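In this note's numbering, the protein residues as written are 153 to 746.
Note that beta-carbon positions come from the ideal geometry of N, C-alpha and C, so glycine has one too.
Note that the structure is a prediction, hence the values are computed from the model and not measured.
Everything on this sheet refers to the single structure shown next.
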């Protein structure tokens, strides 16, 4: 219950300041009840109030309540009889209600009982004269004189403190009252015992946000109502017995012989007179009338006794039925409480199970994704290795063919090196390859496959001649006349020529590969071969791959160095078209070898 822990702490703070009481009467409070705020800090800002008193038996009793209506009781024994922090079981009795509670020893001398929102118990405290506490092997008694007004002041204090208003400390004087004075009823007849009429407590309706009255609270309300009904039946039974006694006394008075009235001497018949027979008949008739009246009175009394016996039997049966109903209500309440606990445990277990299943599914999905990535990487590596092997075989065949051709046809003169210019950025990227598998490639017929590549004219004519001899028609970049692009078989090709500025072919090739790796946003793989000489032209081969799971790309690169200029020719596309890219590059290497 919210705020209950703060009430316990506040009670412990308060009771540490109560002075020991002197020994005296068993259960009478020593003075006025003191009602006021508790001077204790609260982390949640909820206010508290207390009502305390010392008793003549040396103990102290304190009632505490917060602004939300949560209650606590505390008993200070003023001597070390407890184990600090220990838990103790005790039973509270007030009128027909009893509470078996678990108390906590805040200190070796102070015992605190958390009562919560027990409206029936506190309502009964205002209607009874004493509170009994069964603790360990003894029973303590606390007089409740003045608590009816004190508890009202305690409620007003808690509400004021909760609203952050000032509440001046109040002293509630003792008002000695018996249980009968809390139950005003009909004035009893003379000689009747004074019995309090039953007063049924009103059922408490749950306030908004508190929920319905269920569990042990509902059981205690039903038990209190049945107990009051039992008291009412007992009181009615006693009233019937008293009524029987008054009827019996009335019948005895009616059955007594009437006083004998002496007639005047002049009216008393003298012996021998003629009216003696008449007098005798009158006396006999009077005796018969009296006997009849006595028999009628006895019959009426018998009927009354029978009615009383029947009523007593009915009341006894009603009492037994009420006790049976109370026992059944307690049993049903216990079953409902146990069912609520089981449902709560089951719901918690199902929630934990669902969380475990979701975690297992997420882990399984992650494992499947990792396995798929690993399988794709392995496949790509295998494809790359196979393409490299195929390229090596094609290159070897091209070199063999070129060697055979050189033996037949003399090598043509090299082109005079051009003037060096500033290096330019190669027009190739593996991040976003411009695939155009639907482009139409114009293949020019090869007139003489044995004719060597002529390197004449302008510096960029070399690329144009290489593309023509390779049966590829490239489109010139309008912004860069030394750059060409084309597409064939789902592979995008590009070529660009630039000045090497005195750098070696290996260094220029590595710089190009490093730039491509910096542009890749995923896993990057590369393979760069050694420098080779083909008909006076230096060439290097390379294979690059960028795998980011979104736009994977692979490329076959050909680096050509001649007369201080560098030509970079790439064939790139998805990894599945790597074999076509290698084949296109090997075709150009074959042309260079002729």
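Find out if the Cβ-Cβ distance for the pair residue i, residue j is shorter than 9 Å.
| i | j | result |
| --- | --- | --- |
| residue 737 | residue 702 | no |
| residue 218 | residue 315 | no |
| residue 536 | residue 660 | no |
| residue 244 | residue 213 | no |
| residue 215 | residue 224 | yes |
| residue 226 | residue 265 | yes |
| residue 691 | residue 619 | no |
| residue 181 | residue 202 | no |
| residue 749 | residue 249 | Examination of residue 749 is not possible in this model, given that the chain is present from 153 through 746 alone. |
| residue 282 | residue 179 | yes |
| residue 327 | residue 301 | yes |
| residue 731 | residue 539 | yes |
| residue 739 | residue 631 | no |
| residue 650 | residue 717 | yes |
| residue 693 | residue 678 | no |
| residue 500 | residue 699 | no |
| residue 644 | residue 616 | no |
| residue 259 | residue 242 | no |
| residue 614 | residue 514 | no |
| residue 251 | residue 270 | yes |
Considering only the alpha carbon of each residue, which of the options lies closest to residue i?
| i | options | result |
| --- | --- | --- |
| residue 672 | 704, 464, 219, 253 | 704 |
| residue 687 | 651, 552, 730 | 552 |
| residue 683 | 220, 712, 700 | 712 |
| residue 261 | 452, 231, 467 | 231 |
| residue 183 | 325, 288, 489 | 325 |
| residue 725 | 651, 642, 669 | 642 |
| residue 277 | 286, 294, 635 | 294 |
| residue 741 | 666, 512, 621, 252 | 621 |
| residue 749 | 290, 322, 674 | It is not possible to answer for residue 749, since the shown part of the chain is limited to 153 through 746. |
| residue 689 | 668, 657, 707 | 657 |
Classify residue i: buried if its beta carbon has 16 or more other beta carbons within 10 angstroms, exposed otherwise.
| i | result |
| --- | --- |
| residue 254 | exposed |
| residue 493 | exposed |
| residue 204 | buried |
| residue 459 | exposed |
| residue 646 | buried |
| residue 529 | exposed |
| residue 206 | buried |
| residue 734 | buried |
| residue 507 | exposed |
| residue 714 | buried |
| residue 520 | exposed |
| residue 238 | exposed |
| residue 280 | buried |
| residue 263 | buried |
| residue 721 | buried |
| residue 485 | buried |
| residue 162 | Residue placement at residue 162 is flagged as unreliable, the pLDDT there being 49, under the threshold of 50; a coordinate-derived value is accordingly withheld. |
| residue 746 | buried |
| residue 306 | buried |
| residue 648 | buried |
| residue 498 | exposed |
| residue 727 | buried |
Indicate the three-state DSSP secondary structure (helix, strand or coil) for residue i in the structure shown.
| i | result |
| --- | --- |
| residue 235 | coil |
| residue 447 | helix |
| residue 319 | coil |
| residue 364 | Low local confidence applies: a pLDDT of 37 at residue 364 is under 50, so the model's placement there is unreliable, and no value is given. |
| residue 652 | coil |
| residue 302 | helix |
| residue 622 | coil |
| residue 187 | strand |
| residue 309 | helix |
| residue 702 | coil |
| residue 739 | helix |
| residue 710 | strand |
| residue 288 | coil |
| residue 297 | coil |
| residue 182 | coil |
| residue 633 | strand |
| residue 255 | strand |
Using DSSP bridges, identify the partner residues of residue i.
| i | result |
| --- | --- |
| residue 201 | 189, 217 |
| residue 684 | 691 |
| residue 676 | 698 |
| residue 647 | 636, 721 |
| residue 245 | 250, 284 |
| residue 266 | 224 |
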